[in-house]
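In UniProt numbering, the protein residues as written are 1 to 275.
Idealized CB from N, CA, C, for every residue including glycine.
Just so you know, these numbers come straight off a predicted model, no measurement behind them.
In what follows, a single structure is set out as structure tokens and then discussed.
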Amino acid sequence: MNVIDRLLAELDGSMGRLLSTVAGLSDDDVAEPSRLPGWSRGHVLAHISRNADSHVNLLTWARTGVETPQYPDAETREAGIRAGAARPVKEQLADLEDSAARLSGAVRAMPADGWRATVGGMRGPGHPAWYVLVRRLREVEIHHVDLGAGYRCADWPETFVRRELYDAMVSWPHGHGTVSEIVVEEVKDGDKHRQVWRGLGPGPVVQGDAWSLLGWLTGRASGTGLRIMPEGTAGNRPASVDVGPLPAPPPWLTLPAPPNLPDTPPEEYPPTAPS
Numbered sequence: 001m002n003v004i005d006r007l008l009a010e011l012d013g014s015m016g017r018l019l020s021t022v023a024g025l026s027d028d029d030v031a032e033p034s035r036l037p038g039w040s041r042g043h044v045l046a047h048i049s050r051n052a053d054s055h056v057n058l059l060t061w062a063r064t065g066v067e068t069p070q071y072p073d074a075e076t077r078e079a080g081i082r083a084g085a086a087r088p089v090k091e092q093l094a095d096l097e098d099s100a101a102r103l104s105g106a107v108r109a110m111p112a113d114g115w116r117a118t119v120g121g122m123r124g125p126g127h128p129a130w131y132v133l134v135r136r137l138r139e140v141e142i143h144h145v146d147l148g149a150g151y152r153c154a155d156w157p158e159t160f161v162r163r164e165l166y167d168a169m170v171s172w173p174h175g176h177g178t179v180s181e182i183v184v185e186e187v188k189d190g191d192k193h194r195q196v197w198r199g200l201g202p203g204p205v206v207q208g209d210a211w212s213l214l215g216w217l218t219g220r221a222s223g224t225g226l227r228i229m230p231e232g233t234a235g236n237r238p239a240s241v242d243v244g245p246l247p248a249p250p251p252w253l254t255l256p257a258p259p260n261l262p263d264t265p266p267e268e269y270p271p272t273a274p275s
């Protein structure tokens with residue numbers, strides 16, 4: 001199973017969980033505020049559906065070689081979200097399913113060499129077409145949390161969390177961040193393991209489990225449970241050292257893709273990260 005197959009399997013599971021959540025909502029629930037300022041749950045659902053269609057555009061670009069923007073412009077994107085926000089839950093569900101099916105069709109139509117083509121979103125540099133699947137997974141998983149309907153950062157699959165943390169770290173504005181090191185802690189087979197990302201910039205060391213770190217980095221969690229240590233002391237001072245409040249993370253998610261992605265779909269992504 002190559003990275004394309006793995007990502008498609010992940011996306012099937014991600015959409016299945018989202019559809020299950022939405023199926024449990026009422027029309028009144030959909031009209032209530034989401035966790036995103038100014039957006040109802042209906043806005044979030046409409047965005048997820050239109051985002052699927054926008055990724056169809058990118059895959060069409062990769063398949064045909066004819067530049068097909070993800071969205072014609074920012075206003076068209078916003079108008080599509082507004083137009084679909086007030087629909088009842090039955091229509092929201094149907095749109096989520098239909099748009100996901102269109103994206104699946106675009107994936108099936110992609111020739112093997114099409115995944116190497118460079119495409120681009122509304123911001124930032126271009127990226128190989130295979131990374132469209134990573135971007136789509138990010139949209140579904142993070143906005144599932146944004147619904148505020150019971151799905152939490154702690155419910156994110158491990159594979160998703162590890163990939164997003166890797167992309168966050170390699171996209172970090174090195175030397176200009178708000179922390180100096182990120183320390184990911186985990187327990188495997190009863191043993192404690194640590195993964196350390198160094199040289200991020202001036203500031204304290206932030207450490208904790210992968211789910212809490214990703215929730216903080218994406219602005220979907222407050223960072224409760226993360227520990228803060230003085231700069232340059234990771235592993236050398238007790239974890240209980242308190243050097244003040246958790247700093248704000250950099251806005252790394254404004255980038256559509258990390259730098260230096262391989263053109264050819266790799267056997268696995270992310271690669272083994274440094275420690």
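Cα separation between residue i and residue j?
i	j	result
D12	E141	12 Å
G120	L45	23 Å
D98	L19	12 Å
R102	P202	45 Å
A94	W172	38 Å
Y269	N51	22 Å
P274	V22	In this prediction, P274 scores a pLDDT of 47, lower than 50, which makes its location untrustworthy; the coordinate-derived value is nonetheless stated afterwards. So the two alpha carbons sit approximately 38 Å from each other.
K192	E32	42 Å
E91	P265	36 Å
M43	K188	It should be noted that the sequence gives His, not Met, for residue 43. Distance between the alpha carbons of H43 and K188 is about 40 Å.
L165	H176	18 Å
M15	E139	11 Å
W115	D146	30 Å
N2	I228	38 Å
T68	T60	7 Å
L261	R41	33 Å
S104	R136	12 Å
A86	D73	22 Å
A112	I4	10 Å
H127	L25	36 Å
G208	E267	29 Å
T76	D53	13 Å
P271	E186	18 Å
R152	M122	28 Å
L226	Q195	15 Å
G219	I182	16 Å
L246	A100	38 Å
R108	E10	16 Å
Starting from residue i, trace the beta strand (DSSP E) in both directions and tell me its first and last residue.
i	result
M169	Note, M169: premise wrong, no beta strand (DSSP E); alpha helix (DSSP H) at E158 to V170.
Would you mind working out which of the options sits nearest residue i, comparing C-alpha positions?
i	options	result
L200	H193, S180, W211 and A210	S180
R162	R82, L217 and R17	L217
A221	E231, P230, A210 and M229	A210
Q70	D113, Y151 and V132	V132
L214	G16, D155 and K192	D155
M169	E158, P262 and V184	V184
G38	R227, I228, I81 and G124	I81
S212	T224, P204 and V205	T224
A248	T178, H143 and T159	T178
H174	W197, T159, M122 and F160	W197
V205	G219, R194 and P230	P230
R6	P245, F160 and I182	F160
V134	V30, L246, Q195 and L58	L58
L36	A100, H144, P125 and P250	H144
D263	T64, Q195 and T118	T118
residue 293	V30, T64, P125 and G124	Missing from the structure shown is residue 293; the chain here goes from 1 to 275 and no further.
From the DSSP output, read off the bridge partner residues of residue i.
i	result
Q207	V183 and R227
D191	K188
S26	According to DSSP, which records beta bridges pairwise, S26 is partnered with nothing at all.
P33	S40
P128	T118
W197	I182
Mind reading off the beta-carbon distance from residue i to residue j? Whole number of angstroms is fine, and I expect it under 8 Å.
i	j	result
V89	D27	5 Å
D167	P258	5 Å
V56	A129	Not really, about 12 Å apart at Cβ, beyond 8 Å.
M110	A149	Not really, about 32 Å apart at Cβ, beyond 8 Å.
I48	L96	6 Å
Just to confirm the assignment, what range does the alpha helix (DSSP H) spanning residue i have?
i	result
G121	It is not in any alpha helix (DSSP H) - G121 carries neither H nor E in the DSSP assignment.
L246	That residue, L246, is in no alpha helix (DSSP H); it is neither H nor E in DSSP.
R77	A74 to A85
L93	V89 to R108
Between residue i and chain D, is the shortest Cβ-Cβ distance under 8 Å, so that the two count as touching?
i	result
G225	Judged by its chain identifiers, the structure shown contains no chain D, having just a single protein chain.
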